[in-house]
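To start, the structure under review is shown below, and the notes come after it.
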Amino acid sequence: MAGFELVPPRGKEKEWLLTNGLGGFAASTVAGINTRRYHGLLIAALQPPVDRRVLLSKFEEEVFIDGRKYSLFASQTVGGYSGHGFNYLHEFRRFPFPLYTFRLEDVFIRKEIFMVNGS
């Protein structure tokens, strides 16, 4: 099936977590695949520490260079994986906050994820 991979990507088993000190958080895998119920970029605890809601699961970023499309996101589907952003992942740093560096041809793109403590 075109556009899908059956082989698990590297970084799917490694996770990161950010908290805001109020019960809210962001969490995912290094590969950018949300594999758990509460993986996402904005999870709020409406009655801390319970009643959690995923308000923003992820972004599906795409970049066009000279007419070629590159997907920076990744998703796990019934048939395998789509998006394949992990194929362009050049580097990942967890501290002080998650920093993804993607390499697309001779272009480097950085994606940083950050939460403000107390808000």
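Numbering-wise, the sequence shown is residues 1497 to 1615 according to the numbering used here. All C-beta atoms, glycine included, are put in the ideal place defined by N, C-alpha and C.
#1: Given that a residue counts as buried once 16 or more other Cβ atoms are within 10 Å of its Cβ, and exposed if not, what is residue 1617?
#2: Please state if the CB of residue 1516 and the CB of residue 1613 are separated by a distance shorter than 9 Å.
#3: Does the separation of the CB atoms of residue 1552 and residue 1607 fall below 9 Å?
#4: Between residue 1528 and residue 1579, is the Cβ-Cβ spacing less than 9 Å?
#5: Starting from the C-beta of residue 1523, find all residues in its chain whose C-beta is less than 6 Å away, skip the five residues before and the five after it, and write them out in chain order.
#6: For the candidate residues 1601, 1563 and 1521, whose alpha-carbon lies nearest to that of residue 1545?
#7: Which word fits residue 1594, buried or exposed, when buried means at least 16 other C-beta atoms lie within 10 angstroms of its C-beta?
#8: As a quick exercise: from 1590, 1566 and 1588, pick the residue whose alpha carbon is nearest that of residue 1603.
#9: When DSSP labels each residue in this structure, what does residue 1582 get in the three-state scheme?
So, from the listed chains and residues:
#1: As displayed, the chain neither begins before 1497 nor continues past 1615, which places residue 1617 out of reach and without an answer.
#2: In this structure, residue 1516 lies closer than 9 Å to residue 1613 by Cβ.
#3: No; because the gap between Cβ atoms is not below 9 Å, this pair is not in contact.
#4: yes
#5: 1513 and 1535
#6: 1521
#7: By the 10 Å Cβ count, residue 1594 comes out buried.
#8: 1566
#9: Residue state for residue 1582 is assigned as helix, using DSSP reduced to three classes.
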